[in-house]
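Here's the structure we're looking at; comments come further down.
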Amino acid sequence: MEDVQLADVAKFCNNYPSIEVEHELENDTVTIGDTLLVNVTMERENHINGLAPPVVAPLFPQKRKEEGWWLVVGDPSANALYSIKRLTINEKAKMQLDFVAQSAGRFDYKLYFICDSYLGADQEFDFSVKVEDHSRSRKRRRDDD
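For the sequence shown, this note's numbering gives the first residue as 2, with consecutive numbering after it.
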């Protein structure tokens, strides 16, 4: 491999996003009609002075391409999308996704963290939520009193 090619490979590897993602539900048991809140924190390890490095895309028509990211909550078994937000991440970012609990039961969701610039940078996380109907929720509160 020639020095120029080696430099291109090194540049790509150094700019490839390394982002730590954490998510937390504000409440993993809710009642029908409640809003589910998913708090997501992202932290980039390879920022340059607090900024994301430019995307290594020599064939992209613009001079400089910035990374774009999507946070998505969905249920792949139902082929359903519940919440979606687009963001950019320099050093750190916090985002809250929300959607409404439609029916009672235990539901398994996926949080997707999707990059619009690099293959293989996407991440996904599983989480579950228990949704109770209103009558059970009221009965449980009376039992607690």
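Every residue gets a Cβ at the ideal spot worked out from N, C-alpha and C, and that includes glycine.
Do you know offhand how far residue i's Cα is from residue j's?
i    : j    : result
Q124 : E46  : 15 Å
K12  : L120 : 16 Å
V56  : S118 : 7 Å
D109 : Y17  : 31 Å
F126 : M2   : 38 Å
L112 : I85  : 10 Å
T36  : L60  : 43 Å
Q6   : K95  : 37 Å
Since residue i and residue j should fall inside the 8 Å C-beta cutoff, what is the C-beta to C-beta distance between them, to a whole number of angstroms?
i    : j   : result
L72  : L52 : Their Cβ separation, rounded to whole angstroms, is 20 Å, which puts L72 and L52 out of contact at 8 Å.
K131 : T42 : The pair is not a contact, with the Cβ atoms about 24 Å apart (cut-off 8 Å).
Name the DSSP beta bridge partners of residue i, please?
i    : result
S84  : V74
E133 : T32
Check whether the Cβ atoms of residue i and residue j lie closer than 9 Å to each other.
i    : j   : result
H135 : I33 : yes
W70  : L88 : yes
Taking 9 Å as the CB-CB limit, is residue i close to chain D?
i    : result
S104 : The question asks about chain D, but that chain is absent: this structure has only one protein chain.
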